[in-house]
Every structure is written in structure tokens, then in C-alpha cells.
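Per this note's numbering: the sequence shown = residues 783 to 1251.
We treat Cβ as the ideally placed atom computed from N, Cα and C, and that holds for glycine.
Note sheet for the following structure.
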Amino acid sequence: MPTDQPDEGRCKPPMIVLHAGALEDRLLLWGEKPSESEAESPRQKGGHTRDSQPWPYPFDAGFISLSSALKTANIRFKTRKKMIQSALAWIPTQGRKPIASSPLIAEKPTSRAKVRLAPWVVTTVSLTPEECVDFLCTCAERQTLGPGVIVGSDLKFWAKGLGFAGALVARQRYLPSLGGDGESYRAFWEPIFAGDDAARLASLATAMPPIGRALSPLEQASPPSVPQVSLLGGFITRMADHLIRSSIVERALPEQRGGKHTFASSHDAWLYALQASDDTVVGDEAELARLATQVRAWHRPIAISAASPLRLCFRLEEPTVGTNNNRAGAPADEWYMRYLLQAYDDPSLLVPLENVWKAKGGKVAALKHYGVNVTEHMLSSLGQAARVCPDISASLDNARPSGYSLDTTAAHTFLTETASVLEQNGFGVLLPAWWTGRGTKTRLAVRASVKSPPMRDGSGLSLGNVVQF
């Protein structure tokens, strides 16, 4: 007799949990599904021993199931044979049986043996940067992609990493870079993890699910040892590089001659590779080596700042009736911009630069415990800030700068314009409570008219029209 009820055994979609791991500059997609037959599990065949070759993972989804799951979610990749590869997944294993990531895939083994990490062979699909962006955007903030297609915790994590990369690109927190091994060189866009971005990178890295760093090459004999922050930083760098390249407006690039590009200098070749789909820099190896050295020297001030556990802060101090900011003879309306050093791990540790110059006070002694050259960091940071604010630049005429005085007009300019730019560049900015909204005093009301600079087309290539930082 006909029935409107579907055949559950025939129509029920297969369960699959999607995963992804960063390996060798690529994001590899793989999946888990329930084992079709207990008789096929390694446990029945002798299973894993510590000295044996890695077994195929009994819950490996395989390429066909992965493709089917992606089609169910209306995600289609241009699959090529070279995209499909086997890798080791280092998975918690109890006795001779792996522990699946979800009870939806398999129940936990009943063995009383100690849980250990063991390598299991899984089938992966290598995603291009463009596919990574499309796929991770689809996975963001979702539990499932379709009937029976579950988004693993590691996929959600990489989606957050992509979001971080996008935020860095949107705020132009990157620099052009050049890397190589002495024989070949590649141009890439390198994110800058400084200030709050460095703290965010560290915080996000600690939240990386173990399965997100479980993959290794087939020949590797030990579990992956790359630190989470390095793995995440590399992934964000690749995603940022792709986002920047894909957003660059087509320019007048050198003509192709016989399939090759010709350049007047290694500098031009580098700038071209920063915009082209192929990041390989073509040129004389000796010239490229010299250029790479110059680029590293150019990066050095920012690298020092990004690696330091301290940051330079600017505190705007308003006029105080009767004290004039403790400076004799100061005008009644004089404001003061004080320079301080602040520890990232202890924001309450704020040391005025005048004390640092004099090596005076217990807090100055506390800075030495951070193991950095405080003076070098201080001068490097002041030099960077001077490019943002002319008043800071002028204060560097003093052999030991510790701040400068402002009138009311200059203070207003700092509050409405300069402060946000300094914060975007990783500096700390401490403003009066009434301005930030945390105080009870009357707040200054300001109406601003902002005009965006006109966009203009550029001809030829120069660093100025490739990067703004």
C-alpha cells in the first residue's frame, strides 16, 4: 500500500564531520564518518601497535564522501588529482582504537588502556587560498552545512582566523615583504601583529582545538610540534596575502615577451610579484639577496615593536587648576602630553619616560625583567610615532624626550584626529575620562566635516601606490 512516509534507510543522508588542518602552507580538508562495518576496523585486524606502520583511519570520510557532503552544502571545488593527498592525523587512541571527535561518529572505546596520540592515515583535499576564503566564509557561525554535514570545531576556528586576517587587511596592518632561500625568492604581504593585534593572535592561538593541528606528512614519525601561534600566524599571513592580491586594482603591468616578464631592476620585479597571481620574483640572485636585506632593515623598527613585551603610551593630561600639571610658570590653559612605557601583560605598569631616562624608581627596575633593550625599543617607537604626529616629531629635538606641551587647539586636534591613528598603529593612548565617556564631567561636543581624498589612477609601479601604512 502506498505511503507518504520516506524510506528512512534509503533517504537518510550520511553523517559526516568536516575538519581542516594547516600543513605545508595549505589548508587541508578532511572528514569523519561512522565506520560502515565493525569488521573493517583496525581493532579486528590486529590494530595499531607502537612499532607498526600507521593504519588507515577507520572513520576516514574519504574523497567520495567529502565530495558528496560538499555538494549537499552546495559547495563545489574544481577538484584536481594533485589536490587529493593522504596525511597523518595524530588522534587520541585508546588501546588499538582511535577516539572519534564526536559520539555521532563512534562511541568512545571501552578499553582501559592509557590514551595516547597515534598516527592514522586520512584522505585530505588541499584547498587553494581562494577556496579557503569561500569555504570558511560558508562555515562561519554555522553548526551544519546541510543534512548530516557537521562543521567541526577546527573549521570554526580557521574561520575566525580568516576573519582576523580580513580585519588586518581592512585596517592596512601589513607590509610588503620578500622571502627566499638564496636561490629562489617570493614576494608576499606580511601582516603586522603589534599592540592589541599581538594580544589577539596569542589569545586566538590558545583557543586552537587540538584537532586543528593534528595533521602531519606521511613520513613524519612524531606528533606535530609547531606552536599554535606559529601555525595560526602562518595561516593568517597566507590569507591576508590572498585578500590583498585579490583586491588590488589592475594596473599597467609590464608586457609579456615570450611568456616572460622583463624588469629594469629587482625592485620592479618585486613590486610586480606583489600584485601578480604568481608570487615568484624573477631576477638576479645577488640583487634579490641585497633587496631582501634592505627589506628586512626597513621592517626592523616595526619588528622590534611587535616583538617587545612593552609598548609606548601617550597620556593627554588636562590643565589642573592651581597646579598647571606641576610645571612652574605653565599657562593656565596648558595641556601636557606625557610619554610612558606600558607592559602588555600588566597594563597597570606605566612608567614615565623621564623616569626611564634617569633610571629612577622601582617601576623602572621592573622593566628590566622583561629582557628587552628598553632604550632601543623606546627610541624606535618614538620614531614610528613621529611619522604620525608632527608634535611628537618636534619633541625629538630634545635629547631625552618625555613629552610636550599643548594649547587647547592642539589638544582638540589630538583628541579628534591623532589619538585614533596612534591606536591603529599599536600605541597606547590614555585620554581624559570625560572624553572617553567614563567620567562625569561635561563632555566637549565637536562637529567635524570629513572629506575623503579623491581616488586617482596610477601609471607604472611604485611602492607608494602599492602599499599604504
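Going by beta-carbon coordinates alone, are residue i and residue j separated by less than 7 Å?
i, j, result
"glycine 803", "glycine 945", "no"
"leucine 870", "leucine 1013", "no"
"glycine 930", "methionine 797", "yes"
"phenylalanine 975", "leucine 983", "yes"
"phenylalanine 1096", "valine 1203", "no"
"leucine 1070", "serine 1048", "yes"
"histidine 1159", "serine 1090", "yes"
"leucine 960", "alanine 1074", "yes"
"serine 1184", "glutamate 1116", "no"
"cysteine 1171", "threonine 1198", "no"
With DSSP collapsed to three states, give me the class of residue i.
i, result
"lysine 853", "helix"
"glutamine 1010", "helix"
"isoleucine 798", "strand"
"alanine 969", "strand"
"glutamine 867", "strand"
"proline 824", "Caution applies to proline 824, whose pLDDT of 49 falls short of 50 and renders its modelled position unreliable; the value that the coordinates give is listed next. Helix at proline 824."
"valine 904", "strand"
"aspartate 1050", "helix"
"proline 1083", "helix"
"tyrosine 1186", "strand"
"glutamate 923", "coil"
"threonine 1191", "helix"
"leucine 1164", "helix"
"glycine 813", "strand"
"threonine 1044", "coil"
"leucine 909", "strand"
"aspartate 842", "strand"
"threonine 1062", "strand"
Checking the sheet assignment: what are the DSSP bridge partners for residue i?
i, result
"glutamine 876", "Lys879 and Val897"
"arginine 808", "Leu805"
"phenylalanine 1096", "Tyr1121 and Val1211"
"tryptophan 837", "Trp902"
"serine 1254", "With the chain represented from 783 up to 1251, any question about residue 1254 goes unanswered, as that position is not in the structure."
"glutamate 1199", "DSSP output for glutamate 1199 lists no bridge partner at all."
"valine 1133", "Leu1123"
"isoleucine 932", "Val799 and Thr926"
"leucine 1252", "It is not possible to answer for residue 1252, since the shown part of the chain is limited to 783 through 1251."
"serine 998", "Leu870"
Quick check on residue i - is its C-beta less than 7 Å from some C-beta in chain C?
i, result
"glutamate 1067", "Annotation note: the requested chain C is absent from the structure, which comprises a single protein chain."
Output the distance between the C-alpha atoms of residue i and residue j, rounded to the nearest integer angstrom.
i, j, result
"glycine 1143", "leucine 1161", "20 Å"
"serine 1163", "lysine 890", "53 Å"
"leucine 1092", "serine 935", "33 Å"
"tryptophan 971", "alanine 980", "17 Å"
"glutamate 913", "arginine 858", "9 Å"
"alanine 900", "alanine 882", "13 Å"
"methionine 1119", "tyrosine 1152", "26 Å"
"proline 880", "proline 1006", "17 Å"
"lysine 942", "valine 933", "13 Å"
"phenylalanine 939", "tyrosine 1054", "33 Å"
"glutamate 806", "serine 1087", "28 Å"
"glutamine 1010", "aspartate 1179", "43 Å"
"aspartate 1023", "valine 1008", "21 Å"
"alanine 1072", "aspartate 1060", "Just to set this straight, residue 1072 is arginine in the shown sequence, not alanine. Spanning the two alpha carbons is a distance of roughly 21 Å."
"histidine 801", "arginine 968", "30 Å"
"methionine 865", "isoleucine 1084", "37 Å"
"glutamate 1099", "tyrosine 1121", "11 Å"
"leucine 1188", "glycine 1015", "40 Å"
"valine 799", "alanine 989", "20 Å"
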